[in-house]
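Undergrad: Have a look at this one.
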Amino acid sequence: MPKKLIPFVFGLALLPGLASAQLATDDDIVDRVVAVVGDSVVLQSQVMEGVQRIMLTQNAQLPEPGPELERLMSDMLEQLVSTVLISQEAARDSLIEVDEVLIEERVTEQIGQVTEQVGGQTALRQSLTGMGLTLAEYRDMRRSEIRQEQVQQMFIQSRLRNAPPIELTEDELLASFQAARAQLEQRPKLVTFDQVVMMPTPSEASVDTARTRLEALLTQVRE
Numbered sequence: 018m019p020k021k022l023i024p025f026v027f028g029l030a031l032l033p034g035l036a037s038a039q040l041a042t043d044d045d046i047v048d049r050v051v052a053v054v055g056d057s058v059v060l061q062s063q064v065m066e067g068v069q070r071i072m073l074t075q076n077a078q079l080p081e082p083g084p085e086l087e088r089l090m091s092d093m094l095e096q097l098v099s100t101v102l103i104s105q106e107a108a109r110d111s112l113i114e115v116d117e118v119l120i121e122e123r124v125t126e127q128i129g130q131v132t133e134q135v136g137g138q139t140a141l142r143q144s145l146t147g148m149g150l151t152l153a154e155y156r157d158m159r160r161s162e163i164r165q166e167q168v169q170q171m172f173i174q175s176r177l178r179n180a181p182p183i184e185l186t187e188d189e190l191l192a193s194f195q196a197a198r199a200q201l202e203q204r205p206k207l208v209t210f211d212q213v214v215m216m217p218t219p220s221e222a223s224v225d226t227a228r229t230r231l232e233a234l235l236t237q238v239r240e
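Counting in the numbering used here, the sequence shown runs from 18 upward without gaps.
Spelled out as structure tokens, the structure:
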């Protein structure tokens with residue numbers, strides 16, 4: 018039976034059983050759509066590739082099908098949907114031009130970091146083989162992702178530069194603080210202040226001396 022793509026369109030909702038479905042061994046299914054964003058789609062394979070990339074970067078094993086893997090794939094799906102939305106908007110901006118030299122530098126740097134984390138080139142190739150990827154394919158995947166990240170950053174920066182200033186009133190700031198107060202970290206006291214009040218008692222001689230000086234000044238003023 019020929020391979021086929023099974024569309025499963027559900028807007029931006031999460032697909033129940035996404036993790037277990039990805040690990041199924043049905044030879045008739047090569048991929049399926051898990052989200053539709055405008056005129057673009059997010060494939061189940063893209064979600065799994067994103068999760069595998071994170072696991073590789075962290076030098077961690079992919080969890081078995083279950084709640085943990087479902088959470089990872091759910092988070093990745095939300096991230097990919099956001100990425101597609103921003104990319105669609107950025108595509109309409111003809112002024113955005115990526116720096117290909119910078120992209121290649123970042124690709125080389127990140128692959129070098131991953132290689133060190135997993136324990137060398139041989140370990141990296143073995144990990145990639147387990148993911149069904151070659152080193153060249155992994156490099157191409159990272160290049161595409163980094164290019165997309167750069168486009169998004171430039172687009173967001175452009176929008177922020179042209180955005181009108183946000184003015185917040187004191188009441189709005191106070192309300193925001195009160196809403197987040199329970200989540201703020203309690204910090205220990207680092208500085209304390211003490212006030213010492215001293216009430217000096219003058220001697221009789223000091224009082225007499227002060228009185229004499231005041232009387233002399235008063236006499237000078239009257240003259």
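Beta carbons: idealized from backbone N, C-alpha and C, even for Gly.
Just verifying my parser: in three-state terms, what is the DSSP assignment at residue 77?
TA: coil
Undergrad: Using the beta-carbon count (16 or more within 10 Å), is residue 65 buried or exposed?
TA: buried
Undergrad: Taking buried to mean at least 16 other C-beta atoms within 10 Å of its own C-beta, is residue 137 buried or exposed?
TA: exposed
Undergrad: Evaluate contact between the region 123-132 and the region 182-192, counting only Cβ atoms and requiring at least three cross-stretch pairs below 8 Å.
TA: no
Undergrad: Does the Cβ-Cβ distance between residue 67 and residue 96 come in under 9 Å?
TA: yes
Undergrad: For residue 27, does the three-state DSSP call read helix, strand or coil?
TA: Unreliable placement is indicated for residue 27, whose pLDDT of 39 sits below 50; no coordinate value is reported for it.
Undergrad: Just to confirm my understanding: we take residue 101, look at its own chain, exclude 5 residues before and 5 after, and list those with CB closer than 7 Å. What are they?
TA: Within the same chain, residue 101 has close Cβ partners 54, 57, 59.
Undergrad: Considering just the uninterrupted stretch of the alpha helix (DSSP H) at residue 238, what are its terminal residues?
TA: 221-239
Undergrad: Near residue 76, what residues of its chain come up, given a Cβ to Cβ distance below 6 Å and the 5 sequence neighbours on each side ignored?
TA: 134, 135
Undergrad: Could you check if residue 162 belongs to the surroundings of the ligand SAH, using beta carbon to heavy atom distance under 8 Å?
TA: You won't find the ligand SAH in this model; it holds no ligand whatsoever.
Undergrad: Spatial neighbours of residue 44 within its chain, please: CB distance less than 7 Å, with the 5 preceding and 5 following residues excluded, ordered by chain position.
TA: Because residue 44 carries a pLDDT of 45, less than 50, the predicted location of this residue cannot be relied on, and the following value inherits that uncertainty. Counting only Cβ-Cβ distances below 7 Å, and skipping sequence neighbours, we find nothing.
Undergrad: So residue 145 and residue 151 are in contact, right, with Cβ under 8 Å, and what is the actual spacing, rounded?
TA: 7 Å
Undergrad: Return the first residue and the last residue of the beta strand (DSSP E) that residue 59 is part of.
TA: 57-60
Undergrad: How long is the line joining the alpha carbons of residue 172 and residue 211, rounded to whole angstroms?
TA: 53 Å
Undergrad: Our contact map puts residue 98 next to residue 168 with C-beta atoms below 8 Å; I'd like the distance itself, whole angstroms only.
TA: The Cβ separation is near 16 Å, so there is no contact.
Undergrad: Leaving out the 5 sequence neighbours to the left and right, which residues in its chain are closer than 8 Å to residue 175 when beta-carbon positions are compared?
TA: Annotation for residue 175: 110, 112, 113 place their beta carbon closer than 8 Å to its own, counting only its chain and skipping 5 residues before and after.
Undergrad: What whole-angstrom Cβ distance do residue 124 and residue 159 have, given they're in contact under 8 Å?
TA: Going by Cβ atoms, the distance from residue 124 to residue 159 rounds to 5 Å, so yes, they are a contact pair.
Undergrad: With distances taken Cα to Cα, identify the nearest neighbour of residue 153 among 85, 142, 222, 70.
TA: The shortest C-alpha to C-alpha distance from residue 153 to any of 85, 142, 222, 70 is the one to 142.
Undergrad: Rounded to whole angstroms, what is the Cα-Cα separation between residue 69 and residue 82?
TA: 13 Å
Undergrad: Can you say whether residue 51 is buried or exposed, counting buried as having 16 or more other CB atoms within 10 angstroms of its CB?
TA: buried
Undergrad: According to DSSP, is residue 168 helix, strand or coil?
TA: helix
Undergrad: For residue 91, tell me which candidate among 106, 63, 103, 121 has the shortest Cα-Cα distance.
TA: For the residues 106, 63, 103, 121, the minimum Cα distance to residue 91 belongs to 63.
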